Each structure stands twice: as C-alpha cells, then as structure tokens.
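Structure, as structure tokens:
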C-alpha cells in the first residue's frame, strides 16, 4: 500500500502508514495517521474523530510489548510536541510536553543539575507513554515512574483541557497518571526531580535460596536492589545500585555478560563480582540490541518465594523448555494510582524474556 498525505479537516493526515512496535510483534494500518504540531491540531483530530465516530489512539516510541497502540481508526504520534516548557528550580520540578523522549529529558535535566529519581531500562520512550503504561524500575523505596508526576494537563475527547494534580481534579489525576490511553490526550506533564546523582553498581553471586531467605535484608541494604535468576539452576546474580560520590567507573555491560554471552560464560560470570559507577540515568539504562518476547508479571511482594519456587519447579519438570535469558526480579513501593500494579501494595515484578 502506498503512503500519501491528505488534508483532513484542516490538518494533514497520512494514509497507508503502518505502525509496528519495537519488538515487531504487533502492527496496524490506521485509517489516518497524524503528527500534530500544536495542541489545536490535536483538538482538530479529536473533533474529526467525534464527527466520524472513530477511535483515537496515541503512540509514543512503540516500546510496549503489546498491541495497546494499535487501531484501525486514527493514530496520533506526539513527537512534535516535545518541548521542555518550564523549570521550577526551587521545587526541582520540570514541565514537559508529553511527546518528549526520556533520553532528551535526561540530558536537559543533567544541564540543570537535576535527575529523575528512578527510570526504567529504556530511555527511547516518551514521557506520556512511560506514565501511561505503568513503566517501572526497581527499589522498594520508589514507586513506578508515574509516582514522580505531580501535575498533568489532559485534553479530553470533548476537547476540554483539564489541569490535574493532588489538589485540582484529584480523582482524575489518580486515574490519568496511569491512563492506558483511555482518558484523553496527555499534553503536559510536571515531574518532581532530584539533584543529579551517580550510581554505584555492584553485582555478586548468590543462590536463589540464599536470596529468598535474606530478601528483607537485601531490600533494606540497597536502594535499587534487583536480582537475576538463572533458570535451570539455583544461581542468582544480585544487583545493588546506590547513590554515590565516587568517580565514574565503567566496565563491560551486563547485557553482554548475562544475555549474549550467557551460555558461553554462565558459570564464570556467576562466580565473579562486578562494580561500576555511572551517572544515574546511564546506570538505570541499557541498550537492548535484540528483538524479544517479554512477559512482566506484577505480584504482591510477599508472594515472591512461592512464585519463583513454582516457576523453578515447572521448569525443572519440563526440561524441553529452554529459558533464553535470566529471569529479572524487581521491586516497587505501593501507591494510590488507580490502575497501578502497585495500588495499595508493595509489589514484585518478574520479567521473563525470550529471543525472537
């Protein structure tokens, strides 16, 4: 199908555009694809959709391993609404347009001597997408990324603009902080930042039994604790990440060590320890260079032992099932965001990845 641009209701739309998510697991051909350059153009798309009884989906960078952005109707990408709008140095808060990519935000914050207190493994994602899909990292003192949001400007399907925060439109705020694209178009996001910091990364070997027995200690010992369990074994790599004043010090990436080189170096890597010091966002991020199927489960934190034990027993009893990648286990603090996987409970995330 050829791709061509048409003028629809005073705004330029694209016909024949095919959206494909990053992992190439889902795709769609919307009737019209739009890249609005202003709030008024977004409003025009919504008005057109209302007139023609069409659904509208918003897409960021396509990193969701699901079909959440797919539609046969209208698809909007906010990549042209990507500005840093306001900086409150006293409160350490920034307001950005929802189409800003997190990697760009990280650099802008670094110039200001600020940082996000916690981010996920990938920064090639938009601010609106990160909060809308419940993106998380790890650290029982920290919530999902949306908990860093203190205010949101929302454009509803009716074309109304709502300012939402803890003090204004509170109930809507608690819903729109994890909106799944269902409540309108998030235009602007105000984020609570922290002073820029570096992270000291430490990785060392343990057994799964040891880690589960001492889980509370690990959660208290490291601010950004996570673990990587090697399926078909009892081996675990424990990862501690904590703020530090030490100078930057890097080594080879854990992605190479624990993914690409896994089968070749499994035992040697398990018995050695690794230390690095990086700027916070560089420490939280890694470049995922392979296509994948991924399944990320959220469960109450007190269920981690039975869940991992059941998963281990199932793998042991099904030797023909080969795990491609260490199982990553992360943690997040309870919150009061209505659709959050951590709603009113501390949670554990179990991440399973298979190569494609």
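Numbering (our numbering), first residue to last: 371 to 726.
For glycine and all other residues, C-beta sits at the position ideal for the given N, C-alpha and C.
Nothing here was measured: the structure is a model prediction, and the numbers come from that model.
Beta carbon of residue i nearer than 8 angstroms to that of residue j
| i | j | result |
| --- | --- | --- |
| residue 484 | residue 566 | yes |
| residue 439 | residue 429 | yes |
| residue 723 | residue 694 | yes |
| residue 546 | residue 534 | yes |
| residue 498 | residue 529 | no |
| residue 710 | residue 548 | yes |
| residue 707 | residue 544 | yes |
| residue 654 | residue 539 | no |
| residue 650 | residue 569 | yes |
| residue 502 | residue 551 | yes |
| residue 504 | residue 516 | yes |
| residue 450 | residue 480 | no |
| residue 602 | residue 685 | yes |
Counterpart residues of residue i in DSSP-defined beta bridges
| i | result |
| --- | --- |
| residue 471 | 496 |
| residue 444 | 402 and 426 |
| residue 598 | 607 and 698 |
| residue 669 | 718 |
| residue 433 | Note: residue 433 sits in no beta bridge, so no partner. |
| residue 509 | 702 |
| residue 418 | For residue 418, which the question treats as bridged, DSSP gives no partner whatsoever. |
| residue 663 | 724 |
| residue 485 | 564 |
| residue 454 | 466 |
| residue 577 | 605 |
| residue 649 | 568 |
| residue 397 | 390 |
| residue 459 | Beta-bridge pairing links residue 459 to no other residue. |
| residue 613 | 569 |
| residue 619 | 647 |
Between the CA atoms of residue j and residue i - distance to the nearest angstrom
| i | j | result |
| --- | --- | --- |
| residue 394 | residue 556 | 26 angstroms |
| residue 634 | residue 600 | Legend: pLDDT at residue 634 = 44, less than 50; position of this residue unreliable, no value from coordinates given. |
| residue 513 | residue 592 | 15 angstroms |
| residue 313 | residue 387 | Nothing about residue 313 can be reported from this structure: the residues present for the chain run from 371 to 726 only. |
| residue 588 | residue 576 | 12 angstroms |
| residue 493 | residue 405 | 21 angstroms |
| residue 680 | residue 472 | 36 angstroms |
| residue 720 | residue 421 | 43 angstroms |
| residue 362 | residue 496 | Here the chain covers residues 371 to 726 and nothing more, so residue 362 does not appear. |
| residue 413 | residue 597 | 45 angstroms |
| residue 403 | residue 396 | 17 angstroms |
| residue 457 | residue 384 | 35 angstroms |
| residue 486 | residue 454 | 15 angstroms |
| residue 584 | residue 435 | 32 angstroms |
| residue 678 | residue 460 | 44 angstroms |
| residue 638 | residue 666 | Note that residue 638 scores 48 on pLDDT, short of 50, meaning its location in the model is unreliable; the coordinates nonetheless yield the value given after this. C-alpha separation (whole angstroms): 28 angstroms. |
| residue 696 | residue 500 | 24 angstroms |
| residue 392 | residue 573 | 29 angstroms |
| residue 531 | residue 542 | 12 angstroms |
| residue 353 | residue 605 | Summary: the structure shown does not reach residue 353, with the chain confined to residues 371 through 726, and so no result is reported for it. |
| residue 620 | residue 652 | 10 angstroms |
| residue 664 | residue 656 | 16 angstroms |
| residue 411 | residue 389 | 21 angstroms |
| residue 474 | residue 689 | 44 angstroms |
| residue 518 | residue 610 | 22 angstroms |
| residue 536 | residue 417 | 29 angstroms |
| residue 586 | residue 676 | 16 angstroms |
| residue 441 | residue 398 | 6 angstroms |
| residue 628 | residue 511 | The predicted position of residue 628 is uncertain, since its pLDDT is 47 and thus under 50; a value taken from the coordinates is nonetheless stated next. Approximately 26 angstroms between the Cα atoms of the pair. |
| residue 590 | residue 683 | 28 angstroms |
| residue 447 | residue 615 | 39 angstroms |
Assumed close pair residue i, residue j - CB separation to whole angstroms, cut-off 8 angstroms
| i | j | result |
| --- | --- | --- |
| residue 671 | residue 716 | 4 angstroms |
| residue 647 | residue 608 | Not quite, the Cβ-Cβ distance comes to about 18 angstroms (not below 8 angstroms), so this is no contact. |
| residue 554 | residue 523 | The Cβ separation is near 10 angstroms, so there is no contact. |
| residue 476 | residue 509 | Not confirmed; about 18 angstroms, so no contact. |
| residue 718 | residue 699 | 6 angstroms |
| residue 702 | residue 714 | That belief does not hold up - the Cβ atoms of residue 702 and residue 714 are roughly 13 angstroms apart, past 8 angstroms. |
| residue 520 | residue 579 | 42 angstroms between Cβ atoms; not a contact. |
| residue 381 | residue 415 | 6 angstroms |
| residue 443 | residue 400 | 6 angstroms |
| residue 571 | residue 645 | 7 angstroms |
Cβ-heavy atom distance, residue i to the ligand FMN, below 7 angstroms
| i | result |
| --- | --- |
| residue 708 | You won't find the ligand FMN in this model; it holds no ligand whatsoever. |
8 angstroms Cβ cutoff, residue i in contact with chain C
| i | result |
| --- | --- |
| residue 611 | The structure shown contains no chain C; it holds only a single protein chain. |
task: Output the residue ranges of the beta strand (DSSP E) runs that lie fully inside the region 512-568 and measure 3 residues or longer, sorted by chain position.
output: 519-525, 531-535 and 555-562
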